[in-house]
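Let me begin by presenting the structure, written as structure tokens, before commenting on it.
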Amino acid sequence: MNGPNKTSEPPRIRLVFQLERAELPRLYDELARFHKGVKRVGRLRTLAYEGLLVQQGVLKLAGQEASDVSGSIGFDGDGAEVTNGLFEPAIDGRDGP
């Protein structure tokens with residue numbers, strides 16, 4: 001017998017996230033500002049969620065233009081380029097440290 005009125009919740013998603021600075025220096029440096037633990041996980045969660053909102057058009061970045069359709073936001077270019085460009089190396093002309 002299982003307990004009465006057992007609610008069916010979706011299972012939790014547990015991730016083990018390993019990142020080397022050479023892969024994504026901007027993201028690495030941002031996360032390295034926080035000590036291991038809750039604050040670092042929270043920052044990663046925030047960055048991921050905000051990126052999702054931008055990709056879905058809920059948030060607007062510089063370079064985006066409002067669409068004629070109510071409730072939607074358009075990009076001057078391809079939205080995937082903006083999202084993917086967030087984690088590219090810096091454009092200051094240096095290849096590394």
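Numbering (the UniProt record's numbering), first residue to last: 1 to 97.
We put the CB at the ideal spot given by N, CA and C, even for glycine.
As the structure is a computational prediction, the values presented were derived from the model and not from experiment.
Item to check | Sequence-distant residues of its chain with Cβ nearer than 7 Å to R40 (five each side left out) | outcome: L31 and F34
Checklist entry - Alpha carbon to alpha carbon, how far is G63 from P11? => result 38 Å
Checklist entry - Assuming Y28 contacts L15 under a Cβ cut-off of 8 Å, what Cβ separation, rounded to an integer in Å, is found between them? => result Y28 to L15, Cβ: 16 Å. No contact.
Item to check | Assigned secondary structure, T7 (DSSP; H/G/I helix, E/B strand, else coil) | outcome: coil
Checklist entry - What did DSSP end up calling E23 once you bin it into helix, strand or coil? => result coil
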